[in-house]
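Q: Dropping a structure here in C-alpha cells format, bear with me for questions.
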Amino acid sequence: MDPIFDYWSGVAAFSQTIATVGGVIMNLSLFVCLKLVPLGELKVFVPLIIVHSSIDLTHVFLNAIGVLRAVIHDGNLYLILTGALSGASEPWFSVLLSSYFWTIILEAMICTISLFYRFLLVSKGFKPTVFLVGVLTFLSTLLAMMLGLVYFFALADYGTSDVEGAKAGELMRQHAFWRKKVFDYAVVNTHHSQVRVFFTVVILICVVCYTASGLFAMKIRQDIMKKRAAGMQNTATIKVNHAADRLLRVNIFVPIIFYLIPVLFLLFYAMFDVNRPNIGYIISIPYCWMPAAKALGILLVMPSWRRAARQWLKGENDRSRRGLNPRGQTVHPKISHIEVSQTSTKDPSTRY
C-alpha cells in the first residue's frame, strides 16, 4: 500500500469537484457579461470568446460526469475512467475516452486559429464571421477526434476492474482509495513502436501549431508597430490593441500551462518508462482547472468588464453603472466634464 498514492487520489478527486464547479460559474459568467456589458471596439472578438467558452464548457461537462486518471506502471500507461461514463459499451467507451485525449491537440489548434483570427483583423483589415471561426474550429476538432480515435481503437486494450485477472484492477486494489471502486480502463504498452510513433505525432502537431501561432504573433506585432510609427493609430486604438493582445495571451498561455505542459510530462514519463504512478495524479489536477482559469483570465483582461465589476462591487445604482447622469447624458464617473470634452465622443466602453 502506498499512502502517498492514496493521498494524491483524494486530492485529485476533491480538486476535480471544485474545478468543475468553478468552470461552470466562470464560463456562465462569461456569457452573462457578453450579453449585459458592451465590449466596444473589442466586440469583433465575441465569436472567438464564444468558441473558446463553448469548448471549455464541454470539457467541464466531461469532468462532471466522468473522472479520468492516468497511471504509469511497469511501462504501461493506464487511463482509468470512473463516474457516469464508466460502464459504456464498445465502441462508445473508446469515443468517451478519446474525448479526453484529444483535448491537448484541440487546444493547440484553437491557439493557431486565435492568432489567425487576430492576423486577419490587423494585417488584412478583414472581420472574420462566426461562420468562418466555426468552420475552422469544426475542422480542427474533427482532425483531433480522428487522431484520438485512432489511438484508442488501434493501440489500446480495454478492461473492467471487476473482471478476474484485469491488469488495472489488480494494480489499483493495492491502494485503499481504489479498493472498493469499479472502473473501466484503457491500457497501452509504451514500449511498442506504434505507441511511441503516436506520441511523437501528437507532440509534432502541437509544436507545429504553436510555431505557426508564434509566426502569426510576430507578423501582427510588426504590422501594429508600422501603423503606429506612421501615425495611423490614435491612443484609443493603441489601448484596444493592448486589450486584444491580453485576451489572446490568456487564450494561448493558459492552455499551454494547464494542458500542454502537464500532458507532455505524462508522455515523457510514459515513453521513457519512468515508474512513477503518482505523476499521473499530479498531472490530472491542472488539467481539470483549465476551463475555469481561462474564463477567469478573459473576465479579468477586458477593460469594460473590469469597470462593470468595480462598479457592482461598490454598490452603485443602475443608472451609475450604465454611465448616465440624471439628464440621461453619457459621462464617465471618474472624469470631470472638462476631461470628457477632451476625449473621444464614443461610448465610454470603447475607450481604454
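Residue 352 is where the sequence shown ends in the UniProt record's numbering, and the numbering goes up by one at each step. Glycine included, C-beta positions come from ideal geometry on N, C-alpha and C. Computed from a prediction, not measured in an experiment: that's the story for all the values here.
(1) Tell me which residues share the same chain as residue 329 and place their Cβ nearer than 7 Å to its Cβ, disregarding the 5 neighbours each side in the sequence.
(2) Runs of 4 residues minimum, wholly inside the region 233 to 292: which ones carry the alpha helix (DSSP H) assignment?
(3) Figure out for me which residue from 116, 61 and 22 has the closest Cα to the Cα of residue 252.
(4) Can you tell me whether residue 225 is buried or exposed, with buried defined as 16 or more other CB within 10 angstroms of its CB?
(5) For residue 19, which three-state DSSP category applies?
(6) Between the region 55 to 69 and the region 287 to 299, do three or more beta carbon pairs fall short of 8 Å?
(7) How many Å lie between residue 96 and residue 30 at the Cα?
(8) Residue 74 by DSSP, collapsed to three states: which one?
(9) Only counting the same chain, and skipping five residues up and downstream in sequence, which positions put a Cβ closer than 6 Å to that of residue 158?
(10) Grouping DSSP H, G and I as helix and E and B as strand, with all else coil, what is residue 200?
(11) Apply the 10 Å Cβ neighbour rule to residue 16 and answer buried if 16 or more other Cβ atoms are within range, or exposed otherwise.
(12) Among 287, 267, 246 and 282, which one has its Cα closest to the Cα of residue 45?
(13) For the beta strand (DSSP E) containing residue 160, name the first residue and the last one.
(14) Give the DSSP-derived three-state secondary structure of residue 319 in the structure shown.
(15) Do residue 20 and residue 183 have their C-beta atoms closer together than 8 Å?
(16) Going by Cα to Cα distance, which pick from 284, 204 and 155 is closest to residue 108?
(17) Just list the alpha helix (DSSP H) runs in the region 181 to 227, keeping only unbroken ones of 4 residues or longer that don't cross its boundaries, in chain order.
A: The relevant details are as follows:
(1) By 1-based counting over the sequence shown, the position of residue 329 is 329. Residue confidence for residue 329 is low, a pLDDT of 48 falling below 50, so the modelled location carries little weight; the figure read from the coordinates is stated next. None.
(2) 235 to 255 and 261 to 271
(3) Taking the sequence shown and counting its residues from 1, the one referred to as residue 252 is at position 252. Residue 116 is the option with its Cα nearest to residue 252.
(4) The residue labelled residue 225 in the question sits at position 225 within the sequence shown. It counts as exposed.
(5) Against the sequence shown, residue 19 aligns to sequence position 19. Reduced to three states, the DSSP call for residue 19 is helix.
(6) yes
(7) Taking the first residue of the sequence shown as position 1, residue 96 is located at position 96. Taking the first residue of the sequence shown as position 1, residue 30 is located at position 30. One C-alpha to the other measures close to 27 Å.
(8) Indexing the sequence shown from 1 puts residue 74 at position 74. DSSP places residue 74 in coil when its eight states are reduced to three.
(9) Within the sequence shown, residue 158 is the residue found at index 158, counting from 1. Here the set comprises 186.
(10) In the sequence shown, residue 200 corresponds to position 200, counting from 1. In the structure shown, residue 200 sits in a helix (DSSP, three-state: H, G or I).
(11) As a working mapping, residue 16 is identified with position 16 in the sequence shown. The residue is buried, with at least 16 neighbouring Cβ atoms inside 10 Å.
(12) The residue labelled residue 45 in the question sits at position 45 within the sequence shown. Of the listed residues, the one whose Cα sits closest to residue 45 is 246.
(13) By 1-based counting over the sequence shown, the position of residue 160 is 160. Per DSSP, residue 160 belongs to the beta strand (DSSP E) from 157 to 160.
(14) In the sequence shown, counting from the first residue as 1, residue 319 sits at position 319. For residue 319, the pLDDT reaches just 48, beneath the cut-off of 50, and the residue's location in the model is therefore unreliable, leaving the point undetermined.
(15) Position 20 of the sequence shown holds residue 20. Position 183 of the sequence shown holds residue 183. Result no, Cβ atoms of residue 20 and residue 183 do not sit closer than 8 Å.
(16) Counting from one through the sequence shown, the residue named residue 108 turns up at place 108. With distances taken between Cα atoms, residue 108 lies closest to 204.
(17) none
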